[in-house]
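All remarks here apply to the structure that follows.
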């Protein structure tokens with residue numbers, strides 16, 4: 001299986017995306033620092 005969908009998010013294997021012109025393999029998470037309201 002090269003592509004799959006989990007909870008509305010689409011994923012593909014690294015092998016499938018290797019030959020594409022663009023690739024986004026990063027992960028973005030926004031978090032709160034010690035309850036101060038500052039985000040990292």
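Residue numbers (UniProt numbering): 1 to 40.
A virtual CB, placed ideally from N, CA and C, is assigned to each residue, including glycine.
Shown here for residue 12: same chain residues with a beta carbon closer than 7 Å to its own, the five before and five after excluded, namely 2, 3 in chain order.
Rounded to the nearest angstrom, the gap between the Cα atoms of residue 18 and residue 29 is 24 Å.
Where residue 6 is concerned, the enclosing beta strand (DSSP E) starts and stops at 3-6.
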